[in-house]
Structure formats: structure tokens, C-alpha cells
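**Q**
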Amino acid sequence: MAYEFIQVRTEGGKVGVITLNRPKQLNALNNELMDELGAAMKAFDADAAIGCMVLTGSEKAFAAGADIGAMASYTFADVYKGDYITRNWETIRTIRKPVIAAVSGFAPGGGCELAMMCDFIIAADNAKFGQPEIKLGIIPGAGGTQRLPRAVGKAKAMDLALTGRMMDATEAERAGLVSRIVPLDKLMDEALGAALMICDYSQLAVLAAKESINRAFESGLADGVMFERRLFHALFATADQKEGMDAFVNKRKAQFKHQ
Ligand code: HXC
């Protein structure tokens, strides 16, 4: 499928790589781009050869937020009837395979929210995150007021959303928003390395790990631990569990078949 606002490729036949591609607007996220992103992610999710995805932008900007030019004239009726954000952004929540955000440059507003909708963020040392919507007379609308406090705590989330200031990669890593920082020129190597590693594990275990960790955000501890326990028990029904443990016992590398 041909896309206008994103580029799509695979790495090693196993990793789906999606690059946001509206360079003149610093990858500002309009509806058309988000439609394409959802379609591309769903296609990779349905492709049995793909085990993991990487979402990235340009060196200067992962994404400079939702498209302000497009939003400027929206009325309440437009966004409510058109189900703005829910209609296409929420597609990302339905993706079952892991999605790594490889973030360099600016990631304000919807850019930060998009990165947070991914499963983890690897940041280049020039990355900048924030929720500056307050400067536009609005608030974050793609989960920023919910995911940011879960990631960095209430104090920093309030600070960022109420002042609109940006935080650099070091602050973001210290606060728990990003899992690793790497030099800009190593960003894609690092993200692809992590993705290829994930692809080689049992896909059943990978899906279960993602589902179980996401459950931590939706439930109390007892329910979440029970959910984990049931998935943990279920994995003993897989051939991959037998393979992984036999490989360890016999000091060889496991060859998972995703069964
Ligand atoms: C539309 C944008 C844009 C955006 C940048 N551009 N951000 N267009 N929507 N979010 C455009 C600029 O208008 C400009 O177009 C071109 O991209 C380059 O941007 P500059 O500002 O000239 O670049 P620079 O000086 O390097 O500054 C980079 C920047 C700044 C700091 C990231 O562009 C900026 O502050 N952008 C807005 C960031 C923001 O507020 N994001 C949150 C949006 S609200 P021209 O035609 O002049 O060259 C949001 C709501 C989320 O995301 C709710 C649901 C998702």
C-alpha cells in the first residue's frame, strides 16, 4: 500500500519500521497521517512474519504534536461528531505486537502522547518531550494527562502540562518516561537491535508480557497479579516453553517456533 505521510519498510524480514514523513511540518500529526499510521500498524500486526515494530520520525522531530493548522478551525461539532483522536489514534491501543518508539528531536503534545502510546521509548540525546497544549488554550487530548503521570508521577506531569515547558532526554530518562538514551547517530541501531531481539523470543510469551504489563494500568494489584498468573500458567501449554527451558538445560540457543 502506498502512503503519503509515512514510510514503511521491514528490517531483517521481521521488524516493521514506520517512519513519520511530513518533514516540512516537523511531522505534525494530521488525521490523514494518523489514518495511515493505524493502517500500517494493523497490517504489520496481521503479518505473521513480523514480530515487533519500530516507530520513528526525523532527526529534528519525532512529531511536533497534532497539526495546529488543521485544529485551528475545528468546532466542537466537528471534533465531537467526527470522533477526533478516538477514531484513529486509538487504533494503536489495539496493536498486540510490541511497538518501540525511537524518538529524536521534538516530541511535544501529540508527539509525546504518540510516543507514550507505544510500548517503550528509546530516546536520542537530542530528544525533547513535553505537553505544551496549555499555551494553545487546550489540554492534552490523546492520553497525555493519563499516561504522563503514570510514567513520571503527578508532580512532573503537572509541571509539564501546566507550564508547557519541555524536558530533555536526560530528565525524561531520570523521570521514567524513556527506557534508554543513546547518541543520535545510534538511535535506529539501538531500536532495531532491541526489536530484532524481541522477534527471536517466543511470540506467545512476548504478547503475554505486553498484555500483562498493560493490565497493570487497568487494574488493582490483586487482579493484575491474577491476570499475570493465568497467562504465566497458560504459557506452560506452549511448545516454546518446552523449547526455551530445554535449551537452557542443555546449554544451547533456543529456537522458538511461536507455538
Ligand atoms: C502544524 C507545525 C507544528 C504543529 C511545527 N509546525 N509544529 N504545523 N502543527 N504542531 C510547522 C511550523 O508552522 C513551520 O511551518 C514548520 O513546521 C517548522 O516549524 P518551526 O516552528 O519553524 O520550527 P522551529 O523554530 O525549529 O520550532 C520547532 C518547535 C515549534 C519548537 C517544535 O515548531 C513548535 O513549537 N511547534 C508546536 C509544538 C506544539 O505546540 N505542539 C502541540 C500541538 S497541540 P512553516 O510553514 O512556517 O515553515 C497537540 C494537541 C494534542 O499536540 C491533542 C491530541 C493529539
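Numbering (our numbering), first residue to last: 389 to 647. Note that the Cβ used here is the ideal one computed from N, Cα and C, for glycine as well.
Which residue or residues does DSSP assign as beta-bridge partners of A489?
**A** L443 and I509
**Q** To the nearest angstrom, how far is it from the Cα of D513 to the Cα of A452?
**A** Rounded to the nearest whole angstrom, the CA to CA distance from D513 to A452 is 17 angstroms.
**Q** In three-state terms, what does DSSP make of Q629?
**A** In this structure, Q629 counts as helix in the three-state DSSP scheme.
**Q** Considering only C-alpha positions, which residue in the set A604, S600, D588 and A596 is nearest to A437?
**A** Nearest C-alpha to A437: D588.
**Q** Measure the beta-carbon distance from S446 to N415 and round it to whole angstroms, keeping in mind my assumption that it falls under 8 angstroms.
**A** 7 angstroms
**Q** Is it true that the CB of G470 sits closer than 8 angstroms to the CB of P520?
**A** no
**Q** Give a single yes or no on whether E501 has its beta carbon closer than 7 angstroms to a heavy atom of ligand 1.
**A** yes
**Q** Kindly indicate which three-state DSSP category K639 falls into: helix, strand or coil?
**A** The answer is coil: DSSP assigns K639 none of H, G, I, E or B.
**Q** Give me the residue from K630, D547, F508 and R475 with the minimum Cα distance to S567.
**A** Minimum Cα distance to S567 is reached at F508.
**Q** May I have the straight-line CA-CA distance separating A530 from T479, to the nearest angstrom?
**A** 12 angstroms
**Q** Please go through the same chain and pick out, in chain order, the residues whose beta-carbon is closer than 7 angstroms to the beta-carbon of K641, but skip the five residues on each side of it.
**A** A635
**Q** How about K373 and A627: do their beta carbons lie closer than 8 angstroms?
**A** In the structure as shown, the chain begins at 389 and stops at 647. Residue 373 is therefore absent and cannot be evaluated.
**Q** Do E616 and S600 have their C-beta atoms within less than 8 angstroms of each other?
**A** yes
**Q** May I ask you to report which of helix, strand or coil DSSP gives L572?
**A** Helix, per DSSP.
**Q** Examine ligand 1 and report whether any of its heavy atoms sits within less than 7 angstroms of the Cβ of G581.
**A** no
**Q** Please list, in chain order, all residues of the same chain as L575 whose beta carbon is under 6 angstroms from its beta carbon, the five residues on each side excluded.
**A** A490, S492 and A512
**Q** Within 10 angstroms of the Cβ of E392, are there 16 or more other Cβ atoms? Answer buried if so, exposed if not.
**A** exposed
**Q** Hey, would you say A593 sits closer than 8 angstroms to L623, going by beta carbons?
**A** yes
**Q** Can you tell me the Cα-Cα spacing of K402 and M441, whole angstroms?
**A** 9 angstroms
**Q** Would you say G445 touches ligand 1, meaning its beta carbon is less than 7 angstroms from a heavy atom?
**A** no
**Q** Under 7 angstroms: does the beta carbon of K469 sit that close to some heavy atom of ligand 1?
**A** no
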